[in-house]
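Numbers given in the working numbering equal positions in the sequence shown, counted from 1, plus 454.
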Amino acid sequence: MNNIPDLEPRFLAPTGWKTDDFTNEDTNHRLHFGYASPENDPPKGVIIVLQGLQEFSEKYYETAHFFLEHGYAITVLEWQYQGRSGRFLPNPHKRHSDEFETDIDDLKRFIEETIKPLFPDLPLHMLAHSTGGNIGLRYLIDYPNDFQTAAFSAPLIGIHGLTMYPNWLIMGLLKLFNLFPNAYVPGGSNWDERERNSDSVNGQDKFSSDPARSAMTNAWYRADPSLQGGSATMKWLLETYKSMAFLRNSELTKEIKTPCLFGIAEKDTVVCSRVSRELAEKMPSAIILDLANSKHEVLVETDDIRDLFLNSFLSLIKSQ
455 MNNIPDLEPR FLAPTGWKTD DFTNEDTNHR LHFGYASPEN DPPKGVIIVL
505 QGLQEFSEKY YETAHFFLEH GYAITVLEWQ YQGRSGRFLP NPHKRHSDEF
555 ETDIDDLKRF IEETIKPLFP DLPLHMLAHS TGGNIGLRYL IDYPNDFQTA
605 AFSAPLIGIH GLTMYPNWLI MGLLKLFNLF PNAYVPGGSN WDERERNSDS
655 VNGQDKFSSD PARSAMTNAW YRADPSLQGG SATMKWLLET YKSMAFLRNS
705 ELTKEIKTPC LFGIAEKDTV VCSRVSRELA EKMPSAIILD LANSKHEVLV
755 ETDDIRDLFL NSFLSLIKSQ
């Protein structure tokens, strides 16, 4: 692959990493994905990574190394409108959404038409971050038998700083703003590398406390501009609020039987950790893991935080 930044080996593609595109004929979405299997032994199962907003497969190379070393195959799916997946808007930086239901359908078709043929008869394990956590929870409601376990890293159930306002008010404003559905959210813009250093208190990365892992993200963006993604659109925000409200209010969420691990990032300033915890507490199948010093991106946090989350997930997998 061209445009590879000068990074430590842990941040580069593992041996045997392959990439491909998958098209869902129902949604007309072209989705990019990467995958790999352990080098020497048959995989014990398959980890399916569901990304957060504006992420890309390369960001998960270090996570891929971890699971490959422990004997698991791994695949990273890029949602429509981000990474190397397809776009429908003229500006490729805009993170848009048709509706979250199409993302759920994309994931189902991806599993049935791509993952199961690649890895037949292997148990599937979901690893979902932020927006991916929202979609992943919705998926477990619709398709309760597809995943043996699931782990959620700072799942998007509520947006930090906005949960104090009643949902009817937020939804009313969003419907008004969606007279311009393709517009950026207020204050939104094309990709800007300063976004990762926009902590208004101390100028540090608001997503991660680990300097090397934080720098890795921008290094990939700079090396390969096709990965760059800006802010979300008003339509994305509307669809996000609809999906968050569904998860918080539906009795179906409480009925999820899949064993789940919730990594709650206590220093998160992107999603509302309190709301994520409240949801997990209502789910008998959920285990809550407190990550006291973690910012939003648990998987690119410091070793102590990241290792605790990943090893807890590995323990959950092995317990089944």
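Even glycine gets a Cβ: it sits at the ideal position worked out from N, Cα and C.
Nothing here was measured: the structure is a model prediction, and the numbers come from that model.
Check: According to DSSP, which residues form a beta bridge with Met688?
Finding: The sequence position of residue 688 within the sequence shown is 234, counting from 1. BP columns for Met688 are empty, so no partner.
Check: How is the beta strand (DSSP E) around Arg458 delimited, first residue to last?
Finding: Translated into positions along the sequence shown, residue 458 becomes position 4. Looking at the sequence shown, residue 458 is not Arg but Ile. Where Ile458 is concerned, there is no enclosing beta strand (DSSP E), given that its DSSP letter is neither H nor E.
Check: Taking Cβ positions, are Pro577 and Val500 nearer each other than 9 Å?
Finding: Residue numbering aside, residue 577 sits at position 123 when the sequence shown is read from its first letter. Residue numbering aside, residue 500 sits at position 46 when the sequence shown is read from its first letter. In contact: Pro577 and Val500 (Cβ atoms closer than 9 Å).
Item checked: Per-residue DSSP class, three states only, for Ala669 -> By 1-based counting over the sequence shown, the position of residue 669 is 215. The answer is helix: DSSP assigns Ala669 an H, G or I state.
Margin query: Can you give me the C-alpha to C-alpha distance between Ser652 and Glu479, rounded to a whole angstrom?
Written below: Here residue 652 is taken as the residue at index 198 of the sequence shown, counted from 1. Here residue 479 is taken as the residue at index 25 of the sequence shown, counted from 1. Residue placement at Ser652 cannot be trusted, given a pLDDT of 47 that sits under 50; what the coordinates show is reported in the next sentence. For Ser652 and Glu479, the distance between alpha carbons rounds to 39 Å.
Next item on the list: Could you tell me which of Arg667, Lys772 and Glu516 sits nearest to His750, measuring between CA atoms?
Entry: Position 296 of the sequence shown holds residue 750. Per the Cα distances, Arg667.
Check: Applying the criterion that 16 or more other CB atoms from any shown protein chain within 10 Å of the CB defines a buried residue, is Gly615 buried or exposed?
Finding: Counting from 1 along the sequence shown, the entry for residue 615 is found at position 161. When all chains shown are included, Gly615 counts as exposed.
Notebook entry, point to check: When you compare only the Cα positions, how much space is there between Tyr489 and Asp475?
Noted result: As a first step, residue 489 is located in the sequence shown; it is residue number 35 there, counting from the start. As a first step, residue 475 is located in the sequence shown; it is residue number 21 there, counting from the start. Cα to Cα, Tyr489 sits roughly 11 Å from Asp475.
Check: Cβ-heavy atom distance between Gly587 and the ligand FAD below 8 Å?
Finding: Looking for the ligand FAD in the displayed structure turns up nothing, as the structure carries no ligands at all.
Notebook entry, point to check: How big is the Cα-Cα spacing for Gly590 and Val503?
Noted result: As a working note, residue 590 is residue 136 in the sequence shown. As a working note, residue 503 is residue 49 in the sequence shown. Looking at the two C-alpha atoms, the distance is approximately 10 Å.
Next item on the list: Leaving out five residues on either side along the sequence, give the residues of the same chain with a beta carbon under 8 Å from the beta carbon of Asp779.
Entry: Outside the displayed range of the chain (455 to 774) lies residue 779, so it cannot be described from this structure.
Next item on the list: State the CB to CB distance for the pair Phe487 and Leu522, rounded to an integer number of angstroms; the pair is presumed to be in contact (CB under 8 Å).
Entry: Looking up residue 487 in the sequence shown gives position 33. Looking up residue 522 in the sequence shown gives position 68. No, Phe487 and Leu522 are not in contact; Cβ-Cβ is about 16 Å, not under 8 Å.
Checklist line | Any 3 or more C-beta pairs closer than 8 Å across the segment 668-681 and the segment 619-633 | finding: no
Check: Would you report the Cα separation of Asn703 and Thr556, rounded to the nearest angstrom?
Finding: On the sequence shown, position 249 is the one that residue 703 refers to. On the sequence shown, position 102 is the one that residue 556 refers to. Going from the Cα of Asn703 to the Cα of Thr556 covers about 21 Å.
Note to self: Since Ala686 and Gly626 should fall inside the 8 Å C-beta cutoff, what is the C-beta to C-beta distance between them, to a whole number of angstroms?
What the structure shows: By 1-based counting over the sequence shown, the position of residue 686 is 232. By 1-based counting over the sequence shown, the position of residue 626 is 172. That belief does not hold up - the Cβ atoms of Ala686 and Gly626 are roughly 19 Å apart, past 8 Å.
Next item on the list: Compare the C-alpha of Tyr593 against each of Leu701, Asp761 and Leu466 and name the closest.
Entry: The residue labelled residue 593 in the question sits at position 139 within the sequence shown. Closest option to Tyr593, Cα to Cα, is Leu701.
Next item on the list: Output the distance between the C-alpha atoms of Asp852 and Tyr526, rounded to the nearest integer angstrom.
Entry: Given that the chain is displayed from residue 455 to residue 774, the structure contains no residue 852 and the question cannot be resolved.
Item checked: Where Ala740 falls: helix, strand or coil (DSSP) -> By one-based count along the sequence shown, residue 740 stands at place 286. Here Ala740 sits in strand by DSSP.
Item checked: Separation of His483 from Glu567, as counted between CA atoms -> Translated into positions along the sequence shown, residue 567 becomes position 113. Translated into positions along the sequence shown, residue 483 becomes position 29. Each residue's alpha carbon lies about 14 Å from the other.
Notebook entry, point to check: Looking at Asn545 and Thr694, is the spacing between their C-beta atoms short of 9 Å?
Noted result: Position 240 of the sequence shown holds residue 694. Position 91 of the sequence shown holds residue 545. Taking 9 Å as the Cβ cut-off, Thr694 and Asn545 do not qualify as a contacting pair.
Notebook entry, point to check: Would you say Ser663 and Phe763 are within 9 Å of each other, going by their C-beta atoms?
Noted result: Counting from 1 along the sequence shown, the entry for residue 663 is found at position 209. Counting from 1 along the sequence shown, the entry for residue 763 is found at position 309. No, the Cβ-Cβ distance between Ser663 and Phe763 is not below 9 Å.
Notebook entry, point to check: Considering only residues of the segment 542-610, which uninterrupted alpha helix (DSSP H) runs meet the minimum length of 4 residues and lie entirely inside it, listed in chain order?
Noted result: 554-564 and 585-596
Next item on the list: Measure the alpha-carbon distance for Lys738 versus Ile458 and round it to whole angstroms.
Entry: Here residue 738 corresponds to residue number 284 of the sequence shown, with the count starting at 1. Here residue 458 corresponds to residue number 4 of the sequence shown, with the count starting at 1. Checking the sequence shown, residue 738 turns out to be Pro, not Lys. Answer to the nearest angstrom: the Cα atoms are 44 Å apart.
Notebook entry, point to check: CA-CA distance, Asp596 and Thr603?
Noted result: The count along the sequence shown starts at 1 and reaches residue 596 at position 142. The count along the sequence shown starts at 1 and reaches residue 603 at position 149. Cα to Cα, Asp596 sits roughly 15 Å from Thr603.
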